[in-house]
Amino acid sequence: MGKKFLRKKEQREKRRIAKERVETLFTLAERVFPYSPELANRYVEIALAVQQKAKIRLPRKWKRRYCKRCHSFLVPGKNARVRLRSRPYPHVVIKCLNCGHIMRYPYLREKKAGRKGEAA
1 MGKKFLRKKE QREKRRIAKE RVETLFTLAE RVFPYSPELA NRYVEIALAV QQKAKIRLPR
61 KWKRRYCKRC HSFLVPGKNA RVRLRSRPYP HVVIKCLNCG HIMRYPYLRE KKAGRKGEAA
C-alpha cells in the first residue's frame, strides 16, 4: 500500500509540473510572437510534446490558440482569421493563414452557461 501511494503522489507531482511547463511555454509563445513567430511555434510544439508525454489536458484557452494541423501559434489578425457564423449552428470559425486549416468551435452552449452564472 505504501509504494502505491508514493507512485500516485509522484504521478500527481509530474502532472502538476507538466501543467506549469505547458502554461509557461504558451505564455512565452504569446510574448515572443511579435518578434519571432518561428520561436513561438517551437514553444507550442514543445508544450504539446510535454502535454502528450504527461497525459494532461490542455486548458481551453490554449487549445484554441494553436493550429491543429501545422502546430503554429495563432494570433487573430496576424496569422489567423476569426469569424462568427450562426448557421447551421452558432460557431466560431478560425482559419490558419499558414496552412489554410479551418477549425470550428460551437459557442451557444458556452453562452447559455454564462447566462446561468449571471442569474445565480
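As numbered in UniProt numbering, residues 1 to 120 make up the sequence shown, in order. Every residue gets a Cβ at the ideal spot worked out from N, C-alpha and C, and that includes glycine.
In this structure, does DSSP put residue i in helix, strand or coil?
{"i": "Pro37", "result": "helix"}
{"i": "Arg65", "result": "coil"}
{"i": "Tyr89", "result": "coil"}
{"i": "Arg60", "result": "helix"}
{"i": "Tyr105", "result": "strand"}
{"i": "Leu84", "result": "strand"}
{"i": "Lys55", "result": "coil"}
Using the beta-carbon count (16 or more within 10 Å), is residue i buried or exposed?
{"i": "Gln52", "result": "exposed"}
{"i": "residue 125", "result": "Any answer about residue 125 is impossible in this case: the structure gives the chain only from 1 up to 120."}
{"i": "Arg65", "result": "buried"}
{"i": "Leu74", "result": "buried"}
{"i": "Ala120", "result": "Residue placement at Ala120 is flagged as unreliable, the pLDDT there being 44, under the threshold of 50; the coordinate-derived value follows with that caveat. Looking at its Cβ environment, which holds fewer than 16 other Cβ atoms inside 10 Å, Ala120 is exposed."}
{"i": "Tyr43", "result": "buried"}
{"i": "Cys99", "result": "exposed"}
{"i": "residue 122", "result": "The chain is shown only over 1 to 120; residue 122 falls outside these bounds and no answer can be derived."}
The alpha helix (DSSP H) that contains residue i, what's its start and end?
{"i": "Ile17", "result": "Gly2 to Val32"}
Below 8 Å on the Cβ atoms is my contact criterion, and I expect residue i with residue j to pass it. Report the Cβ-Cβ distance as a whole number of Å.
{"i": "Phe26", "j": "Ala54", "result": "Not quite, the Cβ-Cβ distance comes to about 15 Å (not below 8 Å), so this is no contact."}
{"i": "Asn79", "j": "Leu97", "result": "5 Å"}
{"i": "Arg21", "j": "Val50", "result": "5 Å"}
Confirm, please, whether the CB-CB distance from residue j to residue i is below 9 Å.
{"i": "Ile56", "j": "Lys19", "result": "yes"}
{"i": "Val93", "j": "Arg87", "result": "no"}
{"i": "His71", "j": "Glu45", "result": "yes"}
{"i": "Val82", "j": "Pro76", "result": "yes"}
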